[in-house]
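> At position 544 of the sequence shown the residue is numbered 572 (the working numbering), and the sequence of numbers has no breaks.
Every residue, glycine too, gets a C-beta built ideally from N, C-alpha and C.
My structure is below; once you've seen it, I'll send some questions.
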Amino acid sequence: MSRLRYLLLLILIATVYKVHAQQDMDLHLSNTFLPGKNILKIKRDFHDPYLWVLAKNNEVYRINSVTKQVDDFSDKFTAYGNFRFTDIAGVNKDLVFVATNADVLLEYKNSALKKIGNPDGVLGAITSIGTDYTGTYVTDNTRGLAGRPTANSIIIGTDKGMCHYDYDNDVMLAGSSKVPAKVFDATYRTEMFSDLEYGPWYPGQDYQYDVIELTQWTIYGGWLYYKYQDFANSINTACYTYGWIDDMNTANAGVYFIQIWGTEDGIFQNNRNYSYTLDWPHKQYLKGININKVTSILGLVGFGYLNQKAISKENVLAGTDNGLYFTNSGYKNNIDGLMGNYTFFHYDPLGNKKINDICVNATSYTTPVCEDGVWVAAIDGLYLLKPDFGAYVDKKQQLQAIQFEGNGPEVTKIELCANVSINAYFSSYVYNDNIQQWYKDGKEMANQSGTSLSIKEAGEYYVVMYDPCSEVHFESNHLTVTQVAAPVFSFNYPDVLNYCAGSSASLKTDDKPNYQYRWYKDGVLNGNTTATLDNITETAKYKVEVSACAGNWVASKEVQVNFITIPTPVLATDKASYCDGDQATLSAKVLIDASAILNWTSYQYAWYKDGSPITGSAAAINVSQPGKYKVTVSGCSGSVSSAELQVDFIKLPKPVVSASKPAYCIGDMAQLIANVNIDPFTTVSWLRDGNILPDEQDKASITTNIGGNYTVTVVSAGSCSIASSVYNLGFTPPPTVSIQQIVNTTLCDGQTVDLKASYTSGTVTWSTGATSDKISIQHSGTFKATVTTTAGCTVDESATVQYFPNPTLNVPSATLCQYTNESITLTAPAGFVKYEWNGQPGTNTFTTNKLGSVILTVTDNNGCQASQTIAISSHCDDIHIPNAFSPNGDGHNDTWVIAGLEGDPTTTVRVYNRLGSMVFQSQGYATPWNGTYNGSKLPASVYYYVISTKGTKQVLSGSVTIFN
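Okay, here's the thing in structure tokens:
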């Protein structure tokens with residue numbers, strides 16, 4: 029900031045200080061409570077008239093601020109005497125919270141004591157508590173300004189963070205902060221606590237102490253200062269003043285907040301809006317004195333707007349180690365957002381004793397606000413002081429508070445005509461406590477205490493405004509009203525005057541000297557200023573205003589003057605419709621009552637058809653021809669024609685009856701059709717042989733199987749009717765037909781049968797599409813023959829042909845081993861009446877030991893046959909046993925090779941000589957015999973073998989010869 033700016037700022041501060049630094053409040057000691065006790069903390073709960081008191085040695089008291097009754101609650105808390113009680117916050121007469129020097133908060137609710145500790149969400153050792161009267165709470169979110177849902181809660185500041193306890197639901201609310209926290213102030217109009225999580229405005233400025241300031245409207249943030257330059261090392265207490273009382277409950281109030289904090293080295297002050305930097309100035313008071321509590325008290329707040337800024341008060345109170353201090357008012361005592369200017373005055377009646385706490389007593393928390401006392405917690409007792417502002421205000425001054433509506437405040441006198449009123453209203457910018465009373469000619473006006481007054485009489489009017497907290501009241505400026513008599517005149521006309529169009533009317537009132545006149549047409553001045561208004565020719569509302577004094581007019585009633593023209597005549601008929609040959613009566617009606625119309629004349633009539641004149645001059649005529657008719661009616665206001673009326677004479681078309689086909693057979697349902705329209709305005713009737721068929725009314729077609737003479741009659745809504753010619757309906761007999769199956773034996777699939785139709789007349793059509801008398805069939809089904817005569821009569825006959833399915837065979841192929849003489853048995857399905865195997869009769873089984881094919885033929889109960897060829901194959905290899913070999917080493921037939929035994933390890937081969945001695949044995953025959961026995965060649969001779977396997981009982985035997 030430039031030196032010039034600082035110089036201008038200092039000049040400005042000096043000027044404001046010179047005006048506002050004088051004392052403007054006295055304090056009077058009213059009551060003393062709990063004498064001799066060291067009172068540590070006091071809190072009004074603001075929900076009822078009770079004050080809660082915490083004294084040394086864990087003593088708790090409740091005081092009724094109205095009756096002054098003191099109740100000792102100390103014994104309610106003895107169970108927790110091991111703690112030292114440090115703070116107190118009352119919610120109502122039955123609910124109070126006591127803080128301890130640990131992480132324990134005590135809740136006394138409806139005669140029950142509850143401990144709330146760390147498991148319940150208390151973060152650490154409690155530093156301070158307060159009741160959240162704003163209905164919101166803030167959390168560790170971003171700037172600590174994140175609002176959560178409204179809840180009635182206790183604010184708990186600890187050395188590890190701040191939390192909120194919902195005492196309605198007995199639960200700790202979410203979102204606790206996580207840094208050391210302290211509650212500085214919690215009243216019905218101010219709430220202030222630390223917000224160290226947000227930190228300094230600029231990084232590294234650790235000497236900034238962030239705080240939150242809440243109102244009913246919104247949340248503000250600001251910075252206090254410590255441990256830097258001339259600032260003290262600690263912050264014991266803090267509060268903020270509004271600066272503008274009228275902005276207490278408005279969203280922009282934070283612009284004018286003055287922050288005040290008490291330390292071990294006096295009181296410091298800055299402006300919240302500019303507290304983010306030390307470029308803006310701050311102040312220090314009571315240097316060297318330890319401050320325990322700072323707060324403020326409001327006075328005469330009803331007079332806190334605009335030009336009455338010297339009347340309303342907001343004074344700072346400070347409790348110190350050297351006694352009680354108070355200041356002059358800081359209300360509107362700032363310039364361009366700078367600080368208020370205070371002088372601190374010592375309250376001598378309490379001496380220099382230590383003051384631990386201060387709480388302002390309020391009897392009303394909304395308009396009108398009333399703070400009528402100061403509770404002072406001292407080291408030797410509790411004191412109640414009463415504020416007194418009366419000695420410092422000029423109660424005889426008149427406040428510029430009322431004025432005439434529609435006029436500026438400079439207009440204080442008005443002349444009224446009799447029976448005319450004017451409103452005077454009361455300005456809320458001067459006074460807003462709404463405790464005022466209107467006076468006339470020095471006398472109180474009964475039941476007149478609102479913000480406005482309707483004045484109808486001459487007199488001198490003013491308002492007396494009262495302060496709800498004291499006997500101070502002020503009188504407003506005076507307004508003077510004089511009165512002139514109202515004019516007297518007559519204007520005796522009916523509310524409505526009707527004249528025939530083309531004539532004129534006139535209106536008048538009494539013509540008196542010194543009266544002024546002005547006439548209105550449809551609410552607009554027409555320029556006539558005489559007592560008579562002549563030559564009125566237009567329909568409108570007319571009235572006159574008469575004045576006996578300048579600027580005031582008395583109006584007559586409005587008179588509706590109408591100029592009536594002949595309305596459009598309306599044509600009517602005597603019937604809704606007419607038939608061909610009828611006579612119609614047409615009449616003209618003029619819808620108006622002319623008995624109350626001035627200058628009215630009788631009507632004359634002229635009739636027209638299709639635009640040409642016809643005979644007739646009366647209000648009604650008879651006609652028998654279709655066409656467009658109208659009438660012209662003449663009278664005093666001229667002629668007017670009716671709308672054209674179309675008159676028709678209904679001529680119905682003759683209906684014709686026809687049939688859906690040329691001829692019908694006996695048993696058919698015939699359909700008769702009439703070329704008529706079916707609608708709600710026409711009645712259609714069917715007749716047979718002259719008799720009405722009641723079930724067939726209003727039908728364009730009917731169905732019937734009864735012959736006869738049929739007619740149709742049509743009757744229109746106008747009762748016009750016409751009948752059709754007679755339609756003769758007859759029915760002829762149908763032809764006959766029969767079907768013969770030429771071959772009448774059992775049929776199996778694949779065979780053919782012929783069907784033949786025999787009929788008396790007409791042509792035949794089969795369901796297969798064939799048109800010959802005989803058809804050939806090769807599958808099951810029902811076959812229909814339809815015969816149609818030349819008259820369209822048809823008859824049909826059906827025959828069912830049943831084909832039986834051929835049997836189905838699926839005997840599986842089989843295998844056997846011929847070298848073992850194996851046999852197999854083939855099995856055919858049971859239930860057939862005949863079985864043939866290879867052309868030979870048999871049963872459903874057949875046994876064979878031969879390879880090749882077996883042909884099976886079966887016949888079922890219907891005589892249908894089926895055949896199948898079954899293959900029989902071998903499932904074993906052939907065995908070839910040589911009858912000689914020559915083990916002479918020439919490489920040919922040196923071993924006895926038996927083909928077919930290689931893959932069977934169960935085979936046993938034994939060879940014997942002529943004497944029956946076994947000379948060779950082998951289990952399996954993987955190595956052929958080389959003609960030796962025990963390593964020596966056997967002599968050439970005939971030997972005998974026996975070959976057997978475990979898989980069969982068959983044994984192979986024979987002889988083998990060895991040649992050398």
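Which residue marks the beginning of the beta strand (DSSP E) containing V740, and which one marks its end?
G736 to S744
> Per DSSP, M53 forms a beta bridge with which residues?
DSSP, once it has assigned bridges, lists no residue as partnering M53.
> Report the option in H903, G487, P681 and Q674 whose CA atom is closest to the CA atom of T601.
Q674
> Note down the Cα distance separating G867 from N834, rounded to an integer number of angstroms.
19 Å
> Are the CB atoms of G1001 and K637 nearer to each other than 8 Å?
Summary: the structure shown does not reach residue 1001, with the chain confined to residues 29 through 992, and so no result is reported for it.
> Buried or exposed: which applies to N343, given that a residue is buried once 16 or more other Cβ atoms fall within 10 Å of its Cβ?
buried
> Looking only at DSSP bridge pairs, what is I767 linked to?
A785
> Count the other C-beta atoms from every protein chain shown that fall within 10 angstroms of the C-beta of V861, then say buried if there are 16 or more, exposed otherwise.
exposed
> Have a look at the DSSP bridge pairing and note the partners of V88.
L82
> For the putative contact between I900 and K878, defined by C-beta atoms under 8 Å, what is the C-beta separation to the nearest angstrom?
Contact holds; Cβ gap of about 7 Å.
> State buried or exposed for E219, treating a residue as buried only when at least 16 other CB atoms are found within 10 Å of its CB.
buried
> P377: buried (16+ other C-beta within 10 angstroms of its C-beta) or exposed?
Per the 10 Å Cβ criterion, exposed.
> Looking at C-alpha atoms only, which residue of I649, I286, P231 and P763 is the closest neighbour of T269?
I286
> By the three-class DSSP mapping on this structure, what secondary structure does L123 have?
strand
> Exposed or buried, what is F125 when buried is set at 16 or more other beta-carbons lying within 10 Å of its beta-carbon?
Per the 10 Å Cβ criterion, buried.
> Which first and last residues belong to the beta strand (DSSP E) in which H903 is found?
Here H903 belongs to no beta strand (DSSP E), and DSSP marks it neither H nor E.
> I'd like to know whether the C-beta atoms of L224 and V207 end up nearer to each other than 8 Å.
The answer is yes: Cβ separation under 8 Å.
> To test your reading of the DSSP string, which unbroken beta strand (DSSP E) runs of 3 or more residues are found completely within the segment 652-683?
List check, beta strand (DSSP E) in window: 655-663, 666-669 and 673-675.
> Rounded to whole angstroms, what's the CA-CA distance from I463 to D495? Just pull it up for me.
8 Å
> For K137 and A214, I'd like the C-alpha separation in whole angstroms.
Their Cα atoms are separated by approximately 20 Å.
> Any idea which residues DSSP pairs G870 with across the strands?
Y863
> Specify, as a first and last residue, the run of the beta strand (DSSP E) that D416 falls within.
G409 to D416
> In terms of residues, what are the limits of the beta strand (DSSP E) holding L599?
V598 to T601
> Tell whether a beta-carbon distance below 8 Å holds between N320 and G368.
no
> Measuring only the C-alpha atoms, how far is P515 from R217?
58 Å
> My guess is that Y431 and A452 are in contact by the Cβ rule of under 8 Å, so how many angstroms apart are they, rounded?
Position check: residue 431 holds Gln in this sequence, whereas Tyr was assumed. Contact annotation, Q431 with A452: C-beta distance approximately 7 Å; criterion of less than 8 Å satisfied.
> Just to confirm my understanding: we take H506, look at its own chain, exclude 5 residues before and 5 after, and list those with CB closer than 6 Å. What are they?
Around H506: E488 and Y490.
> Measuring straight from C-alpha to C-alpha, what distance separates G158 and E443?
60 Å
> Between V882 and V983, what straight-line distance do the alpha-carbon atoms span, to the nearest angstrom?
C-alpha separation (whole angstroms): 29 Å.
> Kindly indicate the opening and closing residues of the beta strand (DSSP E) around V712.
Here the beta strand (DSSP E) through V712 covers T710 to R716.
> What residue range does the beta strand (DSSP E) around F1013 cover?
It is not possible to answer for residue 1013, since the shown part of the chain is limited to 29 through 992.
> Assign G959 to one of two classes, buried (16 or more other C-beta atoms within 10 Å of its C-beta) or exposed (fewer than that).
buried
> Taking A405 as the reference, give the member of G227, N384 and L413 with the closest Cα.
For A405, the nearest C-alpha among the options comes from N384.
> Distance check for F373 and L57, CA to CA, integer angstroms please.
Annotation: L57 to F373 spans about 16 Å, alpha carbon to alpha carbon.
> Check each candidate in P641, L715 and A140 and name the one with the smallest Cα separation from T731.
L715
> Output the distance between the C-alpha atoms of P63 and T106, rounded to the nearest integer angstrom.
22 Å
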